[in-house]
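Residue numbers (my numbering): 2 to 208.
Note that beta-carbon positions come from the ideal geometry of N, C-alpha and C, so glycine has one too.
Note that the structure is a prediction, hence the values are computed from the model and not measured.
Input: a single structure, listed below in structure tokens.
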Amino acid sequence: MHPRQWLLPALLVIAASLVLGGLTSYGQTYLPFELTSFANSAGGWTILTFGLIGGARLRPLPAAVLGAVSFVLLVEGYRIVSGLRGYSYAEPFQDTWTIVGLVAGPVVGLSAALLRGTWTAWKPLAASPIVAVLVGEGIYGLTVVAQTTSPVYWVIEIVLGVALLVAAIVSARPRVVPSLLGALVAAAGAALYSGAMLWLAAASAGG
Numbered sequence: 002m003h004p005r006q007w008l009l010p011a012l013l014v015i016a017a018s019l020v021l022g023g024l025t026s027y028g029q030t031y032l033p034f035e036l037t038s039f040a041n042s043a044g045g046w047t048i049l050t051f052g053l054i055g056g057a058r059l060r061p062l063p064a065a066v067l068g069a070v071s072f073v074l075l076v077e078g079y080r081i082v083s084g085l086r087g088y089s090y091a092e093p094f095q096d097t098w099t100i101v102g103l104v105a106g107p108v109v110g111l112s113a114a115l116l117r118g119t120w121t122a123w124k125p126l127a128a129s130p131i132v133a134v135l136v137g138e139g140i141y142g143l144t145v146v147a148q149t150t151s152p153v154y155w156v157i158e159i160v161l162g163v164a165l166l167v168a169a170i171v172s173a174r175p176r177v178v179p180s181l182l183g184a185l186v187a188a189a190g191a192a193l194y195s196g197a198m199l200w201l202a203a204a205s206a207g208g
């Protein structure tokens, strides 16, 4: 891939990640109560990274690299704007979410590239990481933090996750093995994600 084919999309993703990350800081204050959780959730940043990388139409390898860059810069955009607004946050590139972005970002970027690519039969499997995050976090939201947050956003996350999986299966025309495998991986990932969040919540409460 010639540099001119990915350089401009990469620069646009970088700039958009910083801007959107900054806007999530304002979102915590100004979004309607039903949607405030979008600005304070891993699913929200996953959606933004997925959308930006998908829109860039990059090949898998640069998409994976840029997925990490985008997720980390979303965190940094949030940190910078929060600091300007007078809210303390972690030091640059030292937040827990930076580590999450470095680990999960490439998966999100690769997923976005594969879903936009020509690997039609395996699109359900490519979608499964995003589906797992959205559905898993939605379950966590509806169970653990239901008393302090609106259920609307969590339900939206679950619906979006299921819709993405269905769309990927339909796009696979549909083929039984890839569709079944994608659904199973997504379900297992959602269970692991919500279970991990439940464990973290219990550990925090106990500590």
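query	result
Residue interval of the alpha helix (DSSP H) (run including LEU74)	61-85
Proximal residues to TYR141 (C-beta, below 7 Å), its chain only, five neighbours per side dropped	SER195, MET198, LEU199
C-beta contact flag for ALA43 and VAL101 at 8 Å	yes
C-alpha gap between LEU182 and ALA122, whole angstroms	11 Å
Close-in-space but distant-in-sequence residues of the same chain around ARG117 (CB under 7 Å, 5 per side omitted)	GLY55, ARG58
Own chain, CB closer than 6 Å to ALA11, minus 5 neighbours either side, in chain order	LEU67
Cβ pair LEU166, VAL132 closer than 8 Å	yes
Cut-off 6 Å between Cβ atoms - residues of its own chain near VAL136, not counting five sequence neighbours on either side	ILE159, GLY162, ALA191
For LEU115 and ALA127, believed in contact at Cβ under 8 Å, the rounded distance	4 Å
Nearest-angstrom Cα separation, counted from GLU138 out to PRO175	27 Å
At least 3 beta-carbon pairs within less than 8 Å: the region 82-89 vs the region 15-32	yes
Test: LEU12 CB closer than 8 Å to a CB of chain B	Of the chains in the structure shown, none is chain B; there is only one protein chain.
Beta-carbon gap between TRP46 and LEU19 smaller than 8 Å	no
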